[in-house]
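Residue numbers for the sequence shown follow the working numbering, so the first one is 5 and each next one is one higher.
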Amino acid sequence: LWEVVQACPPGEVLGWYEKAIDQLLLIQVRGTKSRDSSCIAFKQYFDFRLYMWEFEHFIEYGIEKGKKGAMEKRERGYLTDAFALISRNLENQPATLNHRDYHSWNLMIQHGEVAVIDFQDALLAPMQYDLASLLNDRVTDTVIHPEREDHLLNYYLGRREEMGEKRVGRDEFLEVYILSALQRDFKVVGRFHYLDLVKGKPHYKKYLPATLRRLNRNLRRHPHLERLIPLLASYFEEIR
Numbered sequence: 005l006w007e008v009v010q011a012c013p014p015g016e017v018l019g020w021y022e023k024a025i026d027q028l029l030l031i032q033v034r035g036t037k038s039r040d041s042s043c044i045a046f047k048q049y050f051d052f053r054l055y056m057w058e059f060e061h062f063i064e065y066g067i068e069k070g071k072k073g074a075m076e077k078r079e080r081g082y083l084t085d086a087f088a089l090i091s092r093n094l095e096n097q098p099a100t101l102n103h104r105d106y107h108s109w110n111l112m113i114q115h116g117e118v119a120v121i122d123f124q125d126a127l128l129a130p131m132q133y134d135l136a137s138l139l140n141d142r143v144t145d146t147v148i149h150p151e152r153e154d155h156l157l158n159y160y161l162g163r164r165e166e167m168g169e170k171r172v173g174r175d176e177f178l179e180v181y182i183l184s185a186l187q188r189d190f191k192v193v194g195r196f197h198y199l200d201l202v203k204g205k206p207h208y209k210k211y212l213p214a215t216l217r218r219l220n221r222n223l224r225r226h227p228h229l230e231r232l233i234p235l236l237a238s239y240f241e242e243i244r
């Protein structure tokens with residue numbers, strides 16, 4: 005999908021992402037209703053423990069081992085407390101079947117339709133998680149600017165209702181969407197540093213500036229998390 009939207013006229017970009025959302029809703033709505041207790045995806049939840057593990061991954065590799073040194077105890081505690089609040093909020097959301105790595109590089113185009121690969125990490129999580137992944141991944145800021153993002157959020161909510169799901173308030177939905185995008189990007193920063201430092205794969209670091217700039221933007225979209233910007237700005241020049 006990423007290669008297709010790079011080459012197609014701007015007017016066709018939204019259509020392709022709408023197709024990706026249609027496929028996502030098949031997973032989330034029909035997939036959740038077709039629950040199979042023998043399938044590992046229905047036995048795994050994105051819970052507080054897993055959210056916090058990924059946040060700790062960010063602190064350990066994104067900051068402390070990422071050549072920035074150990075955080076001061078007070079700062080580390082402040083950041084951990086904020087991450088715990090996000091994790092509790094996300095854990096308490098209704099859970100649906102999620103791909104967990106739903107982005108344009110895992111969506112193949114076949115005969116004009118979207119096909120999904122790399123779904124071995126599927127689990128139960130808030131519905132906003134995969135949508136945040138699709139619209140906030142790696143370098144998608146060059147394609148999904150705020151106006152398109154707003155259109156696609158409305159498209160997702162509208163199509164979900166058409167599939168018989170209960171209406172969700174947009175403000176309530178948007179808050180969890182932003183938290184999901186933030187959580188995922190914090191994880192990505194830690195992960196890409198880990199892949200460089202531990203796995204010897206430095207090429208992922210080229211995606212860090214765009215990811216950090218998006219973190220900056222999404223922190224500013226949440227009034228209770230904007231306070232983290234001064235702390236994070238001391239470690240990342242992209243966050244100001």
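From the three backbone atoms N, C-alpha and C, an ideal C-beta is built for every residue, glycine too.
Remember, it's a predicted structure, so these values are computed and weren't measured experimentally.
Between E230 and E165, the alpha-carbon positions lie close to 32 angstroms from each other.
Residue state for Y49 is assigned as strand, using DSSP reduced to three classes. Per DSSP, reduced to three states, the secondary structure at I113 is strand.
Around the beta carbon of L89, fewer than 16 other beta carbons lie within 10 angstroms, which makes this residue exposed.
Between R53 and L94, the alpha-carbon positions lie close to 11 angstroms from each other. The alpha carbon of E176 has as its nearest neighbour, out of D189, R142, M131, Y211, the alpha carbon of M131. Residue burial annotation: N140 is buried, with at least 16 other C-beta atoms found within 10 angstroms of its C-beta.
The Cβ-Cβ distance between Q97 and V180 falls below 8 angstroms. Nearest in C-alpha terms to L212, of all of E64, R195, R221, is R195.
DSSP places P13 in the coil class of the three-state scheme, outside both helix and strand. At the C-beta level, D125 and L28 stay beyond 8 angstroms of one another. Straight-line spacing of the CA atoms in P14 and S108 works out to 16 angstroms.
Within a 10 Å sphere around the beta-carbon of R78 sit fewer than 16 other beta-carbons, which makes this residue exposed. Secondary structure of N102 (DSSP, three-state): strand. In the DSSP assignment, the residues bridged to P130 are A99. Counting the other CB atoms within 10 Å of its CB gives R142 a total of 16 or more, which places it among the buried residues. For I182, the enclosing alpha helix (DSSP H) stretches over residues 174–201. Going by C-alpha positions, F50 is about 13 angstroms away from D105. Counted as a single uninterrupted DSSP element, the stretch harbouring T146 is not any alpha helix (DSSP H), since DSSP gives it neither H nor E.
Here the C-alpha atom of A74 lies approximately 14 angstroms from the C-alpha atom of L236.
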